[in-house]
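Just so we're aligned: the sequence shown equals residues 45 to 277 in our numbering. Just so it is clear, CB atoms sit at the ideal spot from N, CA and C, and this is done for glycine as well. Structure, as structure tokens:
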Amino acid sequence: MNVIEKNKLKVILVITSILALVFIAIVGVEYLDKKREDRAIKYYEEIAITVTLADMLEMELECSDNTGKSWIITNQNESFTDIVSQDIADYISGKKRSLYNYKIIENENMQKYIDNFNDNMMHIRISGENGAGIPIPPKTISEGEGMEEFQEIKNLEELIAYMNKITKKGKYYLSALAVIGLDGSGANGRITFDMGDGTENVIHKSGTISIRDLFTVTYRTYEYERGVKVGGE
45 MNVIEKNKLK VILVITSILA LVFIAIVGVE YLDKKREDRA IKYYEEIAIT
95 VTLADMLEME LECSDNTGKS WIITNQNESF TDIVSQDIAD YISGKKRSLY
145 NYKIIENENM QKYIDNFNDN MMHIRISGEN GAGIPIPPKT ISEGEGMEEF
195 QEIKNLEELI AYMNKITKKG KYYLSALAVI GLDGSGANGR ITFDMGDGTE
245 NVIHKSGTIS IRDLFTVTYR TYEYERGVKV GGE
């Protein structure tokens, strides 16, 4: 092999090496970007219920980064869901260096909401007829939605854990409770509050309720129609 051929070979080897390095760099960046995106999506799934609860109950969120810096955010002008979604999108694109941590700041209403939720989940009954005209007897919300038997929730931590559970139909509890109707559907039903003394408060003769209602409405003292004998009209 003469000098010219050796020089050509060197040039080819150099170019090949450069192309290989460029290829490795591109693949590496794509791998890291994909890993970053996967991490962000997984994290969003983990915090989505906390963020949704904060929006629904009109709480504030404490936000912190990986340096230990923390600040308070509110949803007065934009929902927490939109704020957090944008934060995560910025992390995926590289505009933010780390994912933030989010924590609900409890206010004076939180325990009242939890107590109200407990009372409503334990005593609300829903009945009616399905599309074929077959009577559906009164069921608790848990029975209708395919949830485990309801147990009293004591604090915010237990509430978040409860909403992260999965129904028999594969839905998060939070999602299943979004609209509460007849037999786990969004259809209207007869909704009552069982007073435990043989009487009930009629909440709706035909209607639905929302998850926010479970926290904020005291159906035990609901004024629509009170003191109806259980089984009566």
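- LYS156: member of the alpha helix (DSSP H) spanning 154-167, first to last residue.
- When Cβ pairs closer than 8 Å are counted between the two stretches, the stretch 233-244 is seen not to touch the stretch 200-213, the count staying below three.
- It is roughly 6 Å from the alpha-carbon of CYS107 to the alpha-carbon of ILE116.
- Judged by pairs of C-beta atoms under 8 Å, the stretch 144-161 touches the stretch 95-104, as three or more such pairs exist.
- Distance from the CA of THR118 to the CA of GLY242, rounded to the nearest whole angstrom, comes to 44 Å.
- A distance below 7 Å separates the beta carbons of GLY228 and GLY190.
- Looking at the DSSP output, PRO179 shares a beta bridge with GLU173.
- For ILE132, the enclosing alpha helix (DSSP H) stretches over residues 124-137.
- Per DSSP, PHE259 lies in no beta strand (DSSP E) segment; the continuous alpha helix (DSSP H) that holds it begins and ends at 255-260.
- Our two residues, HIS167 and ALA205, have alpha carbons roughly 21 Å apart in a direct line.
- Taking each of SER219, ARG169 and PRO182 in turn and checking the Cα distance to TYR263, the smallest one comes out for ARG169.
- Beta-bridge pairing by DSSP links GLU102 to no other residue.
- Taking C-beta separations shorter than 8 Å and ignoring five residues to either side along the sequence, the partners of ILE197 in its chain run ILE158, PHE161, ASN162, LEU203 and TYR206, following chain order.
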